[in-house]
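Following this line, the structure appears as structure tokens:
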């Protein structure tokens, strides 16, 4: 489990936009229970090699926004009034499970933007606690502080939105969970021209099109299509980590595989 | 977060029945996010004072049974083929949240006994992974190894069952979450005469009957009614911990307040 510094400040410079990845793993995380592959064996012993489920925090000016909630120690990281908002890509448990204990306690009320998914997850809607759920519409942009945010549909097994952030001429697209991209999202991104793409890549190269999540082949195709200055891979599974041990240097220079607790500043 | 020794053995003596409490807190746990009470301030610093959500493991002969799943590190504690079964009292997230990452990985198939709650929690039914869900009927007893288990209805805001374990003439009733007891469960327990009662006690003494969980007053009434040799309090909230700091010595000798990672052997 990652560190528990409360309300950690990621970047002290106002004129920047930072993203810290609290969790970069898929639903089972790394290590996978019961797995004796080289990656999982090492991750059991070395916490630095572990991957919690997806979660990130972005910071700009005085704002701090949580992006999904796959990690379990949120109450130790973000005390009362320390978050401007929460953005949820979708309601699969590995993206919201950290909210179950987090929603209780505190007198703040946190705007929690989410897709229009009537099912939600567990009793989050019924007993929201400090979470003030707000429903997003695809392509209907909104602002948090001075950051323009456009939600874009993704291709997944549950209604899912990616988020396109624009701040001080930097454009960052956060695109997980997805397998490929819906045509209208592709068209928007072609027009919008992201500088940075954070994208779901759960699997090593597959022989056939994977289900629900990208593999390396699909991510490389997307990279060639959009040519962002930087592409960051997240939602990593242990089999991809195994493949990367032998092949990471074959990836284009513009592509990086993120690790838990890494911060990128733009 | 509690220790992560894999497949830890609790008791090496075959002829005993042990229960280890992995989590003894209510849904927010201790500390509560954003709380500056004396208990929460101390628990932020001292991990021994923390309470994760409800979870216990019982061991007898060669069997190890998980009882609810409120803690998040189950995959580090219980590797492949290390659990005989899982018993779920109900599907509130604080009792099943640890199953979300745990269900993926491993080639075992774990019998997971649960109340007949069609809703479940999140996508646990849809994507059970290694969990083999089996539906329980109130008062319809069953065996795991040589232990006789009788599920009994509890009084809670979601369909909930307690579990009465009988092994080598020791009778242990695990009764959380509940506020009071349904009449038929009371009658069964009066007939069955438990030696040990593990019972939900979330609150300090309240002026009016509490909702969904017992307070100290109700637990004392139950203790007087059944006179078990031992009563163990679990599902503790931070306000009860605060009250206990001044009043724990006033409780009858037969009542103990459990802490995370404590083991009792019978």
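Residue numbers (the working numbering), protein chains in the order written: chain A, 74 to 339; chain B, 74 to 339.
All C-beta atoms, glycine included, are put in the ideal place defined by N, C-alpha and C.
For residue 100(B), the nearest beta carbon of chain A is closer than 8 angstroms to its own beta carbon.
With respect to residue 247(A), residue 261(A) sits apart: the two C-beta atoms are not nearer than 8 angstroms. Across the structure, residue 148(A) and residue 108(B) are spaced so that their CA atoms are roughly 10 angstroms apart.
With a cut-off of 8 angstroms on Cβ pairs, the region 205-216 of chain A is not in contact with the region 132-144 of chain B, counting fewer than three such pairs.
Within the same chain, Cβ atoms closer than 6 angstroms to the Cβ of residue 258(A) are found at 225, 226, the five residues on either side in sequence being excluded.
For residue 96(A), no Cβ of chain B is located within less than 8 angstroms of the residue's own Cβ. For residue 147(A), the enclosing alpha helix (DSSP H) has its first and last residue at 147-150. Burial is judged here by how many other beta carbons sit within 10 angstroms of a residue's own beta carbon; residue 218(B) has fewer than 16 and is exposed. Contact of residue 166(B) with chain A is assigned, a C-beta pair being separated by under 8 angstroms. Annotation for residue 137(A): the continuous beta strand (DSSP E) segment containing it runs 136-140. Taking 8 angstroms as the cut-off, the Cβ atoms of residue 99(B) and residue 253(B) do not count as close.
Chain A places a beta carbon closer than 8 angstroms to that of residue 153(B), counting this residue as a contact. Collapsing the DSSP output to three states places residue 260(B) in a helix. Contacts with chain B at 8 angstroms (Cβ-Cβ) do not include residue 279(A). With respect to chain A, the C-beta atom of residue 329(B) has no partner C-beta closer than 8 angstroms.
One Cα belongs to residue 249(A), the other to residue 106(B), and the distance between them is close to 28 angstroms. Going by beta carbons, residue 214(A) and residue 188(A) fall outside the 8 angstroms limit. Annotation: residue 290(B) is outside any beta strand (DSSP E); the continuous alpha helix (DSSP H) that includes it extends over 289-299. Spanning the alpha carbons of residue 234(A) and residue 282(A) requires a straight line of approximately 21 angstroms. Assigned with DSSP and collapsed to three states, residue 273(A) falls in strand.
Distance check between residue 90(B) and each of 265(B), 132(B), 318(B), 141(B) places 132(B) closest, using alpha-carbon atoms only.
For chain B, the residues of the region 125-142 of chain A that bring a beta carbon within less than 8 angstroms of one of its beta carbons are 126, in chain order. Taken atom to atom, the span from the alpha-carbon of residue 222(A) to that of residue 245(A) is near 10 angstroms.
Taking a Cβ-Cβ cut-off of 8 angstroms, the neighbours of residue 175(A) in chain B comprise 106, given in sequence order. Counting of Cβ neighbours within 10 angstroms places residue 123(A) among the buried residues, the total reaching 16 or more.
Residues of chain B whose Cβ lies closer than 9 angstroms to the Cβ of residue 148(A) are, in chain order, 101, 102, 104, 105, 106, 107.
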